[in-house]
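Presented below is the structure to which this report refers.
Structure representation (structure tokens):
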């Protein structure tokens, strides 16, 4: 029975890895659409957002199904709840990628990012992609070290966010209120995307620690 429970946990984790890959690709597409006014790519992100929502419901259903079939012990319960929290953060990251894509659609056929901010948003999209890549790897490998790095990597996004406002609030800003509002909204979307990545890192550290503990316990109880 317990072996079956942990097999089902592995299935949930596999769905989280798939979800993380989809979320990463969504923000990559949204960022590209933002900078190049790619209408087709932006629309694809909005479709991908629905796929992410479906994956979240799959995780939710499996987690609640596990709890209904056999109430987990304390250590397992912590793992299950952390998996559900990872899914919730991934879903929100997908929503933020969709928000970026909708800004690109709203400003089409011109790029939503003005040339004065293009380099900053290009850098922000690169940081977002690096964070998302680490999430995929950390979830797949239960890598607590890589997951813990997300907190530090978020500092780069925070620094870019501050630089963005420094540019837009400068007396030399030449482009008026509308461009600044778009920049502020987009900056917030990227910053929050990174914040959710950090949250996932914290949850993965818990999952990795619990997995190591279970593996050690299984080894200790096995044949000598």
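Residue numbers (the UniProt record's numbering): 1 to 224. Even for Gly, the Cβ is constructed at its ideal location relative to N, Cα and C. Bear in mind the structure is a predicted one, so any value in this text is a computation, not a measurement.
Minimum C-alpha distance to residue i - residue among the options
i, options, result
"residue 197", "32, 93 and 184", "93"
"residue 30", "149, 85, 21 and 96", "96"
"residue 61", "46, 81, 164 and 195", "81"
"residue 161", "190, 113, 5 and 179", "190"
"residue 166", "120, 146 and 192", "120"
Spatial distance of residue i from residue j (CA atoms)
i, j, result
"residue 14", "residue 66", "15 Å"
"residue 35", "residue 209", "40 Å"
"residue 84", "residue 156", "27 Å"
"residue 104", "residue 187", "14 Å"
"residue 183", "residue 102", "14 Å"
"residue 41", "residue 58", "26 Å"
"residue 173", "residue 38", "26 Å"
"residue 88", "residue 177", "34 Å"
"residue 4", "residue 106", "49 Å"
"residue 129", "residue 199", "16 Å"
"residue 179", "residue 116", "10 Å"
"residue 52", "residue 91", "6 Å"
Nearest-angstrom Cβ-Cβ length linking residue i and residue j, presumed shorter than 8 Å
i, j, result
"residue 22", "residue 48", "6 Å"
"residue 33", "residue 45", "7 Å"
"residue 207", "residue 79", "6 Å"
Extent of the continuous alpha helix (DSSP H) to which residue i belongs
i, result
"residue 154", "144-168"
"residue 141", "115-141"
Residue i - DSSP class collapsed to helix/strand/coil
i, result
"residue 202", "helix"
"residue 182", "helix"
"residue 38", "coil"
"residue 110", "coil"
"residue 172", "coil"
"residue 1", "Residue placement at residue 1 is poorly supported in this model, since its pLDDT is 47, which falls under 50; the coordinates still yield a value, given next. Here residue 1 sits in coil by DSSP."
Distance cut-off 6 Å: residue i Cβ against heavy atoms of the ligand ADP
i, result
"residue 162", "Questions concerning the ligand ADP fall outside what the structure shown contains, since it holds no ligand whatsoever."
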